[in-house]
Each structure stands twice: as C-alpha cells, then as structure tokens.
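Accompanying notes for the structure given below.
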Amino acid sequence: MTRVFLADDHSIIRDGLKQIMAETDDLSVVGEAANGIELLSRLQSMECDVLVLDISMPGKSGLELIKLVHRDCPRLPILILSMHHEDQYALRAGAAGYLTKESDAELLVAAIRKVAAGGIQISPHVAELMARRIGMDSAAQPHTLLSNREYQVFEMLVAGQGLTEIGLALSLSVKTVSTHKTRILQKMELTTTSDLVRYAIAHGLSSPHE
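Last residue of the sequence shown? That's 1113 in this note's numbering, and every number before it is there in order.
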C-alpha cells in the first residue's frame, strides 16, 4: 500500500483527492496539511511514501518548501499538484513530478504510482525547457566521464530497470551492477536513481516516460 500525504490549503481539494484514492486498491491517505508550516511539522512524525503538494499555500510555499521537505525527508518523492502551468523550476528544485489540478483522476493516480516507484512525472514541453536552460558544453558534462559499460548501466537505470533486470540483460551479477551504479553516482556527483533520471531529462539523454 502506497501511503500518501496531502498538502493543500483548500479542504474541498483534499476531500476530493481522498475520495479519488479511496477508490483505488493501492493508495491510502495517511495525513494532510493546510499550509507549509503544518506540513513540515506533521511530516516529522509521519511515515509516508509520496507527498502530493500544492506549490501555492499560506506560510511557507513554493520552491522553499520543496527544499525544506527534502532537507527533513530527503527520500520522500514530491508530486506537485497546482492550478498553475507546469514549472520547470519546481522540478529542478527536487520535485519528482508536476500536474495541474485540471488533470483527470486516472492521470493523478498514475502519477502518484510513478513517483512512488522512483519515476518522474514530466511533460515533453518542460523537459525541453530544462534541456535548453542547461546550455553546457558536452565535454564538461559529468556523464561523459562514464565508461562504456557504466553509460550502458546508466541508460538502463534511467529507463526504469532494476539491478536484477540489468544484470540479466548484461550477464552481470547484481553485485557488479550495484558497483557500477555506485561509481556512476560518484562520478556524476549525484545521490539517487531519481537524480539520474532528472539529469538525463535535463540533458536530453532520455525521453520522459508517460
């Protein structure tokens, strides 16, 4: 069961989201907050798998709130649900996905499942904007430091394949694949697989999964 925390200053929105998730077999709302300060306080004593966050709330909000949540809960994926158009800056700040409140229930449920599994919910338009903002010379990009085998593993990790699946495909032990992953993260100065996905999208190395 995926445990979801809702943060939105409109109770009618939270009630609607709870109703949507009550109709699924694998999603459960375990907490909610109406403002940024309340969210940070409740997350300290709450175990959850995904945070669905309205980026515009009273108190602390926006990019600052994303960073504060990651400071306190570095492994908690954040799905932004907003009335505004997609904001690549929220994704660059660490959000795992972005949906507008105009999205249908089916897309919302799919997005929550995707980010809970370590994926990224991003549109091709935002991916293009992120890639344009990088503007780096290819020789200076960290992925160019990877060996051929490491880059192969990098591509498969970004595609959503697990260590066991990669090992079978490349005829490597899980331990060897894990070692490659560790070296990839070290060379690229990143921390998680989600970081690798964001990097790949931002540098035009991978198409976002829809």
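Backbone N, C-alpha and C fix where the C-beta goes; we use that ideal spot for every residue, glycine too.
None of these values were measured; they are calculated from a predicted model.
Name the DSSP bridge partner or partners of residue i?
{"i": "Ile-981", "result": "Leu-954"}
{"i": "Leu-920", "result": "Paired residue(s): none; Leu-920 is not in a bridge."}
{"i": "Arg-906", "result": "Ser-931"}
{"i": "Leu-1002", "result": "Leu-984"}
{"i": "Ala-845", "result": "Lying outside 904 to 1113, the shown extent of the chain, residue 845 is not represented and no answer is given."}
Tell me the rounded alpha-carbon separation between residue i and residue j.
{"i": "Leu-1071", "j": "Ala-936", "result": "44 Å"}
{"i": "Met-1039", "j": "Val-1080", "result": "Note that Met-1039 scores a pLDDT of 45, beneath 50, so its modelled location is shaky; the value from the coordinates is reported in the next line. Each residue's Cα considered, the two are about 29 Å apart."}
{"i": "Leu-1066", "j": "Gly-962", "result": "41 Å"}
{"i": "Arg-945", "j": "Met-924", "result": "20 Å"}
{"i": "Asp-957", "j": "Gly-1063", "result": "27 Å"}
{"i": "Ile-1069", "j": "Leu-979", "result": "25 Å"}
{"i": "Arg-906", "j": "Asp-929", "result": "9 Å"}
{"i": "Gly-1085", "j": "Ser-931", "result": "Correcting the residue type first, residue 1085 is Thr in the shown sequence and not Gly. Computed Cα separation, rounded: 33 Å."}
{"i": "Leu-1060", "j": "Arg-1101", "result": "12 Å"}
{"i": "Leu-1011", "j": "Leu-1002", "result": "8 Å"}
{"i": "Arg-1016", "j": "Gln-1044", "result": "31 Å"}
{"i": "Ala-1042", "j": "Ala-999", "result": "Any reading at Ala-1042 must be qualified, since the residue scores a pLDDT of 45, below 50, and its modelled position is unreliable; the value itself is stated next. Taking the straight line joining both Cα atoms gives about 27 Å."}
{"i": "Ser-1006", "j": "Ala-1013", "result": "11 Å"}
Taking CB distances under 8 Å as the criterion, tell me whether residue i reaches chain D.
{"i": "Ala-1072", "result": "Chain labels in this structure do not include chain D; a single protein chain is all it has."}
Using the Cβ count rule (16 or more neighbours within 10 Å means buried), how would you classify residue i?
{"i": "Gln-947", "result": "exposed"}
{"i": "Pro-977", "result": "exposed"}
{"i": "His-1083", "result": "buried"}
{"i": "Met-960", "result": "buried"}
{"i": "Ala-1103", "result": "buried"}
{"i": "Met-904", "result": "exposed"}
{"i": "Gly-1107", "result": "exposed"}
Of all the options the options, which has the alpha carbon lying nearest to the alpha carbon of residue i?
{"i": "Val-955", "options": "Gln-1024, Ser-1050, Asp-928, Arg-1052", "result": "Gln-1024"}
{"i": "Ser-1097", "options": "Val-1018, Gln-1089, His-1106", "result": "Val-1018"}
{"i": "Tyr-1054", "options": "Leu-984, Ala-910, Asp-918, Ile-1087", "result": "Ile-1087"}
{"i": "Leu-1093", "options": "Val-953, Gly-997, Thr-905", "result": "Gly-997"}
{"i": "Leu-968", "options": "His-987, Cys-951, Ala-993, Lys-1078", "result": "Ala-993"}
{"i": "Arg-917", "options": "Leu-966, Ser-985, Ile-940", "result": "Ser-985"}
{"i": "Ser-1074", "options": "Val-1056, Ala-1020, Val-1012", "result": "Val-1056"}
Any chance the CB of residue i is under 7 Å from a heavy atom of the ligand SAM?
{"i": "Thr-1082", "result": "Looking for the ligand SAM in the displayed structure turns up nothing, as the structure carries no ligands at all."}
Which residue spans inside the segment 1049-1087 form an unbroken alpha helix (DSSP H) run of at least 4? Counting whole runs of 4 or more residues, the segment 1049-1087 contains the alpha helix (DSSP H) stretches 1051-1061, 1066-1073.
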